[in-house]
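Q:
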Amino acid sequence: MLGSIEDTGFSSEDIRLESRPASWMPVAIGSALSVLVLALLASAVFIKVDRVVTVPGRLKTLRSTQDVASTEQGVVSKVLVKENQLVRAGQPLVVLDPETLTAESASLVDRQGSLQANAIAELQRLEAAIGEANARLAGAQEQLTITNEQLARLRPLAQEGGYGQLNVLDTEKKRVELESSIRSTRAEITKLQAESAQKEALLAGELASNRSSLVATRNRLRQTVLKAPLDGTVLDLQAKPGLVARGTEPLLKLVPSDNLRAEVDLPDADLAFVRPGQRAEVEFSAYPRDRYGWLPAEVVSIGTDALPPAENSPVQTPRFPAKLQLSRQYLEADGQRYSLQAGMALTAHLKLDKVSILELLFSRFTGGARALRTIR
């Protein structure tokens with residue numbers, strides 16, 4: 010038979026504590042940690058991140074900066090743009106004083122009306138003279154017909170003695186005069202017609218010349234408003250009110266907006282992973298990323314010829330030039346646009362592909378292991 014409690018050396022209180030159930034807290038913590046580890050492993054397997062190559066570069070232009078000058082000499086009356094302003098093709102930039110050309114255009118309009126009125130009056134005068142001569146010719150021809158009929162009747166009578174020879178001679182003289190008048194009138198009509206054609210050609214030439222001058226003056230008048238030939242950014246603005254513009258001196262320069270692209274140098278270690286069509290994020294040293302953001306870009310070409318290492322570069326390995334097409338030619342922040350300029354330093358983050366976090370960690374681990382194996 011078992012001994013009593015007192016014989017064992019334990020009190021009744023000790024025995025009650027030992028018989029209590031175990032606490033659930035360690036089990037819960039262990040379960041939570043297990044779930045957390047499984048969740049982290051699952052995330053590392055299924056969550057994809059971009060593998061990125063970061064390279065420096067600069068903005069380059071495809072075309073050179075374009076000078077904007079006036080083809081007309083004149084005085085600048087208005088300047089409608091500011092330095093570094095982004096403008097669109099066809100947008101007015103500078104206005105020259107149009108007063109002289111406006112007066113010249115008005116004078117040519119008045120002269121055109123005067124020439125037209127003079128031409129009409131002169132041609133009407135000649136037409137009237139030709140009409141009058143034609144009427145005289147018709148009358149003389151009619152009189153000649155009558156005179157010839159009279160002579161046809163009188164000659165037989167004169168031969169028979171029934172009519173005087175002098176009367177026949179007078180009628181013959183009248184016939185000769187009528188024939189001479191007809192020849193003269195016909196010559197006059199020919200001369201008037203030639204004069205009319207000559208006058209018409211001369212007046213038409215004067216009208217055409219004046220019209221051409223009017224068109225040219227109106228074109229020159231339109232050119233007093235200088236417009237942007239393309240989308241671009243205003244640089245080196247020389248125009249100001251009162252300046253005398255000459256065709257040989259540019260009033261401003263335009264850097265084409267569709268002309269900027271990013272050019273970067275790829276280390277040969279990254280060359281195998283970069284291909285045309287890959288996306289990139291481009292940020293600019295002049296515009297901090299946290300304030301102005303970045304621009305999406307796309308790799309458009311990769312050079313096949315290696316360039317020597319850049320001077321003072323810590324990595325003395327060959328590099329390959331790559332060109333990136335920017336999604337737009339400006340940065341936008343807080344509702345404002347900030348223009349880009351050729352030569353700006355940039356950093357391009359080239360997105361190679363998407364890999365899981367586990368793959369990324371494993372590649373770093375294997376890379377470290379290979380580095381350790383090379384240590385002698």
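Residue numbers (this note's numbering): 10 to 385. Just so you know, even glycine gets a beta-carbon here, dropped at the ideal spot from N, CA and C.
With a CB to CB cut of under 8 Å and the five nearest residues on each side skipped, what residues in its chain are close to valine 283?
A: As a first step, residue 283 is located in the sequence shown; it is residue number 274 there, counting from the start. The answer, listed in chain order, is Val62, Leu275, Val308, Ile311, Ala331, Leu359, Leu361.
Q: Which word fits glycine 83, buried or exposed, when buried means at least 16 other C-beta atoms lie within 10 angstroms of its C-beta?
A: For the purposes of this step, residue 83 is identified with residue 74 of the sequence shown, where counting begins at 1. Buried, because 16 or more other Cβ atoms sit within 10 Å of the Cβ of glycine 83.
Q: According to DSSP, simplified to helix, strand and coil, what is arginine 382?
A: Locating residue 382 in the sequence shown gives position 373, where the first residue counts as 1. Low local confidence applies: a pLDDT of 37 at arginine 382 is under 50, so the model's placement there is unreliable, with the coordinate-based value given in what follows. In this structure, arginine 382 counts as helix in the three-state DSSP scheme.
Q: CB of valine 308 to nearest heavy atom of the ligand PLP: below 6 Å?
A: As for the ligand PLP, it is missing from this structure, which has no ligand bound.
Q: Just to confirm the assignment: which complete alpha helix (DSSP H) runs, minimum length 4, are found wholly within the region 202-284?
A: Taking only runs of at least 4 residues, the alpha helix (DSSP H) segments lying wholly in the region 202-284 are 277-280.
Q: Helix, strand or coil, according to DSSP, for serine 190 in the structure here?
A: By 1-based counting over the sequence shown, the position of residue 190 is 181. Serine 190: helix per DSSP, three-state reduction.
Q: What separation, rounded to the nearest whole angstrom, lies between the Cα atoms of serine 189 and glutamate 113?
A: Along the sequence shown, read from residue 1 onward, the residue named residue 189 stands at position 180. Along the sequence shown, read from residue 1 onward, the residue named residue 113 stands at position 104. Between serine 189 and glutamate 113, the C-alpha separation is close to 54 Å.
Q: Go ahead and pull the three-state DSSP assignment for aspartate 101.
A: Reading the sequence shown from its first residue, position 92 is the one you call residue 101. Looking at the sequence provided, one finds proline at residue 101 rather than aspartate. It is a strand residue.
Q: Go through its chain and collect everything with a Cβ distance to leucine 216's Cβ below 6 Å, but skip five positions before and after it.
A: Your numbering for residue 216 matches position 207 in the sequence shown. Contacts found: Leu124.
Q: Would you mind working out which of Glu81, Leu269, Lys208 sits nearest arginine 231, comparing C-alpha positions?
A: Translated into the one-based positions of the sequence shown, residue 231 becomes position 222. Here the closest residue by C-alpha is Glu81.
Q: Between alanine 237 and arginine 97, how many whole angstroms is the CB-CB distance? I'm expecting something under 8 Å.
A: In the sequence shown, the residue the question calls residue 237 occupies position 228. In the sequence shown, the residue the question calls residue 97 occupies position 88. About 7 Å; that satisfies the 8 Å criterion.
Q: Rounding to the nearest angstrom, what Cα-Cα distance links aspartate 106 and threonine 233 in this structure?
A: Residue numbering aside, residue 106 sits at position 97 when the sequence shown is read from its first letter. Residue numbering aside, residue 233 sits at position 224 when the sequence shown is read from its first letter. The straight-line gap from Cα to Cα measures roughly 7 Å.
Q: According to the Cβ coordinates, are valine 264 and glutamine 94 closer than 7 Å?
A: Numbered from 1 along the sequence shown, position 255 holds the residue referred to as residue 264. Numbered from 1 along the sequence shown, position 85 holds the residue referred to as residue 94. No, Cβ-Cβ distance for valine 264 and glutamine 94 is not below 7 Å.
Q: How would you write the range of the alpha helix (DSSP H) that tyrosine 301 sits in, first residue to last?
A: Position 292 of the sequence shown, counted from the start, is the residue given in the question as residue 301. Where tyrosine 301 is concerned, the enclosing alpha helix (DSSP H) stretches over 298-301.
Q: When you compare the CB positions of arginine 120 and asparagine 228, do they come within less than 7 Å of one another, or not?
A: Locating residue 120 in the sequence shown gives position 111, where the first residue counts as 1. Locating residue 228 in the sequence shown gives position 219, where the first residue counts as 1. Not in contact: arginine 120 and asparagine 228 (Cβ atoms no closer than 7 Å).
Q: If I'm right that serine 86 touches leucine 260 with Cβ under 8 Å, what's the distance once you round it to whole angstroms?
A: In the sequence shown, residue 86 corresponds to position 77, counting from 1. In the sequence shown, residue 260 corresponds to position 251, counting from 1. That belief does not hold up - the Cβ atoms of serine 86 and leucine 260 are roughly 12 Å apart, past 8 Å.
Q: Could you give the first and the last residue of the continuous beta strand (DSSP E) run that contains proline 305?
A: Your numbering for residue 305 matches position 296 in the sequence shown. 304-311 is the span of the beta strand (DSSP E), which, as asked, contains proline 305.
Q: Within 10 Å of its beta-carbon, does serine 266 have 16 or more other beta-carbons around it, so buried, or fewer, so exposed?
A: Residue 266 sits at position 257 when you count from the first residue of the sequence shown. Serine 266 comes out buried.
Q: For the beta strand (DSSP E) containing alanine 78, name the first residue and the last one.
A: As a position in the sequence shown, residue 78 is number 69, starting the count at 1. Where alanine 78 is concerned, there is no enclosing beta strand (DSSP E), given that its DSSP letter is neither H nor E.
Q: Spell out whether any CB of chain D is found under 7 Å from the CB atom of alanine 357.
A: Looking for chain D here will not work: only one protein chain is present.
Q: If you draw a straight line from the alpha carbon of isoleucine 384 to that of threonine 326, how long is it in whole angstroms?
A: Stepping through the sequence shown from its first residue, residue 384 is reached at position 375. Stepping through the sequence shown from its first residue, residue 326 is reached at position 317. Any reading at isoleucine 384 needs caution, since the residue's pLDDT is 32, under 50, leaving its predicted position unreliable; the model's value is listed next. One C-alpha to the other measures close to 22 Å.
Q: Please classify alanine 295 as buried or exposed, where buried requires at least 16 neighbouring CB atoms within 10 angstroms.
A: Taking the sequence shown and counting its residues from 1, one reaches residue 295 at position 286. Looking at its Cβ environment, which holds fewer than 16 other Cβ atoms inside 10 Å, alanine 295 is exposed.
Q: Look at the alpha carbon of alanine 281 and the alpha carbon of isoleucine 38, and state the distance between them as a whole number of angstroms.
A: The residue given as residue 281 occupies position 272 in the sequence shown. The residue given as residue 38 occupies position 29 in the sequence shown. Each residue's Cα considered, the two are about 47 Å apart.
Q: Starting from valine 84, trace the beta strand (DSSP E) in both directions and tell me its first and last residue.
A: Position 75 of the sequence shown, counting from 1, holds the residue named residue 84. Unbroken beta strand (DSSP E) run through valine 84: 83-88.
Q: Quick check: the Cα distance between aspartate 179 and arginine 162, rounded to an integer number of angstroms?
A: Translated into positions along the sequence shown, residue 179 becomes position 170. Translated into positions along the sequence shown, residue 162 becomes position 153. Going from the Cα of aspartate 179 to the Cα of arginine 162 covers about 14 Å.
Q: Using DSSP with H/G/I as helix, E/B as strand and the rest coil, what is glutamine 334?
A: In the sequence shown, the residue the question calls residue 334 occupies position 325. If DSSP states are grouped into helix, strand and coil, glutamine 334 belongs with the strands.
Q: Is glutamate 141 helix, strand or coil by DSSP?
A: Stepping through the sequence shown from its first residue, residue 141 is reached at position 132. Three-state result, glutamate 141: helix.
Q: Grouping DSSP H, G and I as helix and E and B as strand, with all else coil, what is leucine 349?
A: Your numbering for residue 349 matches position 340 in the sequence shown. Note: leucine 349 maps to coil in three-state DSSP.
Q: Where does alanine 342 fall in DSSP's three states?
A: Stepping through the sequence shown from its first residue, residue 342 is reached at position 333. Here alanine 342 sits in strand by DSSP.
Q: Glycine 66: buried (16+ other C-beta within 10 angstroms of its C-beta) or exposed?
A: The residue labelled residue 66 in the question sits at position 57 within the sequence shown. Looking at its Cβ environment, which holds 16 or more other Cβ atoms inside 10 Å, glycine 66 is buried.
Q: Relative to the alpha-carbon of alanine 351, which residue among Ala130, Gly241, Pro318, Glu204 has its alpha-carbon at the smallest distance?
A: On the sequence shown, residue 351 is found 342 positions in, with the first residue counted as 1. When each option's Cα is compared against that of alanine 351, the closest is Gly241.
Q: At the level of alpha carbons, what is the spacing between threonine 156 and alanine 126?
A: Numbered from its first residue, the sequence shown carries residue 156 at position 147. Numbered from its first residue, the sequence shown carries residue 126 at position 117. Answer to the nearest angstrom: the Cα atoms are 45 Å apart.
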